[in-house]
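Each remark here refers to the structure printed beneath this line.
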Amino acid sequence: MNFPEDLSLSPRAAHSPDGAPVCSAKGCRAAAVWVLAWNNPSLHTPDRRKTWLACEEHREHLSKFLGARGFLKDVVPLADWQEPGPSASDR
744 MNFPEDLSLS PRAAHSPDGA PVCSAKGCRA AAVWVLAWNN PSLHTPDRRK TWLACEEHRE
804 HLSKFLGARG FLKDVVPLAD WQEPGPSASD R
C-alpha cells in the first residue's frame, strides 16, 4: 500500500496548474473531491486534524489505510469542508 504525502489544505497542499487541489494518493494528479480528516493519537492532541485529499477513485483506499491504523476521524466532501482553527499545538 502506498503511503501518500501528508497534505493539508494549506498553501503547501498539492494543486493542479489551474490551482485546483489534487488527490493525495501517490502519483495521482486527479482533482480532489473528498477531505479525509485524521490524526495520530500518539502524536497529536485529540482536537488536532491533519488532512489528506482524495479523488473518487482513491477515497476508499486512503480511508482504509487511515482507518486500519485508527487515524481516520472524518470523510467530508471537499465542497463542505471547513478547516478548524489552529489548536494550541499549532501556535
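For the sequence shown, the numbering used here begins at 744 and goes up steadily by one.
Just so you know, even glycine gets a beta-carbon here, dropped at the ideal spot from N, CA and C.
Between Pro820 and Val765, the C-beta spacing is not below 8 Å. Between Ala768 and Lys816, the beta carbon gap of about 19 Å keeps them out of contact (Cβ cut-off 8 Å). Here DSSP, grouped into helix, strand and coil, assigns Asp817 to strand. Ala774 has its alpha-carbon roughly 11 Å from the corresponding atom of Asp761. Look at His758 here: in three-state DSSP terms it is strand. Counting the other CB atoms within 10 Å of its CB gives Arg812 a total below 16, which places it among the exposed residues.
Sixteen is the threshold: when 16 or more other Cβ atoms of the shown chains lie within 10 Å of the Cβ of Asn782, as they do, the residue is buried.
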